[in-house]
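J.: Shown below is the structure under consideration.
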Amino acid sequence: VQLQASGGGFVQAGGSLRLSCAASGGIFPINAMGWYRQAPGKQRESVATITSSGTTGYADSVKGRFTISRNSAKNTVYIQMNSLKPEDTAVYYCYADYPRLGVCWGQGTEVTVSS
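According to my numbering, the sequence shown is numbered sequentially starting from 9.
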């Protein structure tokens with residue numbers, strides 16, 4: 009199984025970015041998918057999740073600004089990030105939770121928000 013994340017970059021505060029993550033190589037339908045992030049010197053934290061039925065969950069710090077979605081037919085998860093703040097600067101990691109196999113991670117994509 010491989011997860012390929014893309015869409016990171018450099019943006020000014022108040023700007024927007026959209027991250028994508030495509031999973032490949034799995035046999036079974038994916039359960040939950042989502043995003044974590046890790047800022048310099050901090051622990052990795054959950055940002056957003058979406059279940060196979062479309063139920064979403066967000067960290068309090070991103071509620072109202074970030075929107076997670078997925079295309080199950082393409083095994084792809086997205087996160088639309090609006091009103092970005094400098095504190096959103098981090099490496100963003102996607103994951104996919106497979107039956108029996110467990111959680112698989114993408115390689116990370118860097119997001120930098122300047123003030």
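Don't be surprised by glycine CBs; every beta carbon is placed ideally from N, CA and C.
1. Could you work out which residue in V55, S61, S60 is closest to D68 when comparing CA atoms only?
2. Which residues does DSSP pair with F18 in a beta bridge?
3. Would you call the region 32-51 in contact with the region 102-109, where contact means no fewer than 3 C-beta pairs closer than 8 angstroms?
4. Would you kindly work out how many angstroms separate the C-alpha atoms of A62 and V9, rounded to a whole number?
5. Just mark V70 as buried or exposed, buried being the case when its beta carbon has 16 or more other beta carbons within 10 Å.
T.: A quick look at the data gives this:
1. Position 60 of the sequence shown holds residue 68. Nearest option by C-alpha distance: V55.
2. Residue 18 sits at position 10 when you count from the first residue of the sequence shown. DSSP, once it has assigned bridges, lists T120 as partnering F18.
3. yes
4. For the purposes of this step, residue 62 is taken as residue 54 along the sequence shown, with counting starting at 1. For the purposes of this step, residue 9 is taken as residue 1 along the sequence shown, with counting starting at 1. The sequence as given places Gly at residue 62; Ala does not occur at that position. Taking the straight line joining both Cα atoms gives about 22 angstroms.
5. As a position in the sequence shown, residue 70 is number 62, starting the count at 1. Per the 10 Å Cβ criterion, buried.
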